[in-house]
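Residue numbers (the working numbering): 42 to 445.
For glycine and all other residues, C-beta sits at the position ideal for the given N, C-alpha and C.
See structure below.
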Ligand SMILES: C[S@@+](CC[C@H](N)C(=O)[O-])C[C@H]1O[C@@H](n2cnc3c(N)ncnc32)[C@H](O)[C@@H]1O
């Protein structure tokens, strides 16, 4: 599951300060590109198609960021729905691949396939990601996509028809309290996996406890809930609050947090947390990015996996303990003359660590190569004492490669 990185990248472009070096590069599966082209009625990188997508993306980007308050049920608008599918679905579905790889490696997904539910599916982003990932592995999942909007579930059904994958759809409003006994038309668990992508930030925090209870009722005992939301500060903090609520009510965090308790980034005044992956943009996304001024060269998300059942310790996962700190890097490394600095999340707290170049040894050299969201094992006196900011020549720092 975890191994020490033995192949640090020596690409001079990637060696700049903020670059992400570890982890996979995400790509769009050709089957998705073909399905999207079919739905658009022609090649995605054709001029008129790019212009149409770009116009919708520009509106969506304004509505989902600066003009959020009045944006309403934007997926009711056919142009926005099509642009969402071609751009936001295409840049969100692949984010699931490394998360699913990790859960599969942890033995938390049924071998060969299982049952999955997506809530707030939009045009089918999560179920599409899962179906494409499963097809690559020869697995068969039974998928149910739900949303409060009929137009969204219809769009998901259309995408799956174009993908030639089976899909069930249902209308499900997460704000409507569940009825007991549940009507026969309700979605019925147990599900091995529930996907919740980019929807928590459209829901009021006051409903989080009820939402988590409802999801728990749908999950199999060892089932997992994947929550994946935008990486921007306000949206990230919003979903980290849901994570804290879950932890307070007995859920286990299976990934990516190095500690099980409340999120220290949320406890800080303005902290947030996100991961990022290199993305090999197809030509049409590059063209849309050029036209809109957006840049999806790197895909980012605040994400976590929750389960009612604890994760099993992996034989290869280093356990933190006396003199050993498992640390998740929280931001870009800062390199100043003679030293580098990092903020890490470790042992349920945020710590700022520094290593001076004169203290560099082969055992701690990884420190100078760490970037956002890397996981590192720090061993030695600096790990032992939470008060210590400066690591020294007698500390070892090892970047761990996670199965992603
Ligand atoms: C930003 S879109 C995300 C769509 C898809 N999950 C994705 O990641 O691309 C938010 C989705 O949440 C749905 N949604 C908002 N409030 C909802 C609610 N109360 N119950 C169910 N779905 C809801 C919207 O209709 C929309 O499809």
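- Taken in chain order, the complete alpha helix (DSSP H) segments of 4 residues or longer contained in the stretch 293 to 335 are 305 to 308 and 324 to 333.
- DSSP links residue 414 through a beta bridge to no other residue.
- According to DSSP, residue 425 shares a beta bridge with no other residue.
- With a cutoff of 8 Å on beta-carbon distance, residue 427 and residue 390 are scored as near each other.
- Going by beta carbons, residue 215 and residue 160 fall inside the 8 Å limit.
- Taking 8 Å as the cut-off, the Cβ atoms of residue 200 and residue 76 count as close.
- In its chain, beyond the 5 residues on either side, 159, 162, 165, 168, 194, 197, 208 and 210 have a beta carbon closer than 7 Å to the beta carbon of residue 186.
- Rounded to the nearest angstrom, the Cβ distance from residue 251 to residue 218 is 7 Å, consistent with a contact under 8 Å.
- For the pair residue 341 and residue 272, the CB atoms are nearer than the 8 Å cut-off.
- According to the DSSP secondary-structure assignment, residue 342 is paired through a beta bridge with 316.
- Per DSSP, the unbroken beta strand (DSSP E) holding residue 262 starts and ends at 260 to 270.
- Exposed is the label assigned to residue 106, since fewer than 16 other Cβ atoms lie within 10 Å of its Cβ.
- Under the DSSP assignment, residue 138 falls in the alpha helix (DSSP H) whose first and last residues are 137 to 146.
- The criterion of a C-beta distance shorter than 8 Å is not satisfied by residue 418 and residue 348.
- Here the stretch 220 to 237 does not lie against the stretch 300 to 316, with fewer than 3 beta-carbon pairs under 8 Å apart.
- Bounds of the beta strand (DSSP E) holding residue 381 are 380 to 387.
- DSSP lists 380 as the bridge partner or partners of residue 377.
- Check the Cα spacing between residue 115 and each of 127, 101, 150 and 128: the tightest is with 101.
- Remark: fewer than three beta-carbon pairs, one from each stretch, lie closer than 8 Å, so the stretch 148 to 159 and the stretch 112 to 131 are not flagged as touching.
- When C-alpha distances from residue 247 are compared across 133, 280 and 314, the shortest belongs to 280.
- At a threshold of 7 Å, residue 160 counts as near ligand 1, since its beta carbon sits closer than that to one of the ligand's heavy atoms.
- In this structure residue 85 is in contact with residue 78, their Cβ atoms being roughly 5 Å apart against a cut-off of 8 Å.
- In the DSSP annotation of this structure, residue 106 is not part of any beta strand (DSSP E), being labelled neither H nor E.
- Beyond the five residues adjoining it in sequence on each side, residue 238 comes within less than 7 Å, by CB distance, of 133, 166, 167 and 269 in the same chain, given in chain order.
- Per the coordinates, the alpha-carbon of residue 293 lies some 10 Å from the alpha-carbon of residue 284.
- Between the stretch 432 to 439 and the stretch 406 to 422, the count of Cβ pairs shorter than 8 Å is three or higher; the stretches touch.
- For residue 321, the closest alpha carbon among the candidates 309, 131, 286 and 141 is that of 131.
- Contact between residue 236 and residue 173 is ruled out by a C-beta separation of about 13 Å, above the 8 Å threshold.
- In this structure, residue 149 and residue 295 form a Cβ contact; the two beta carbons are roughly 6 Å apart against a cut-off of 8 Å.
- Counted as a single uninterrupted DSSP element, the beta strand (DSSP E) harbouring residue 391 occupies residues 390 to 397.
- Residue 163 has its Cβ nearer than 7 Å to a heavy atom of ligand 1.
- With a threshold of 16 other beta carbon atoms within 10 Å, residue 140 meets it and is buried.
- Taking the Cβ atoms as the reference, residue 343 lies roughly 7 Å from residue 313, within the contact range of under 8 Å.
- The C-beta distance from residue 297 to residue 369 rounds to 7 Å, short enough to meet the 8 Å contact threshold.
- Taking 7 Å as the cut-off, one finds no heavy atom of ligand 1 near enough to the beta carbon of residue 228.
- Less than 8 Å divides the Cβ of residue 81 from the Cβ of residue 127.
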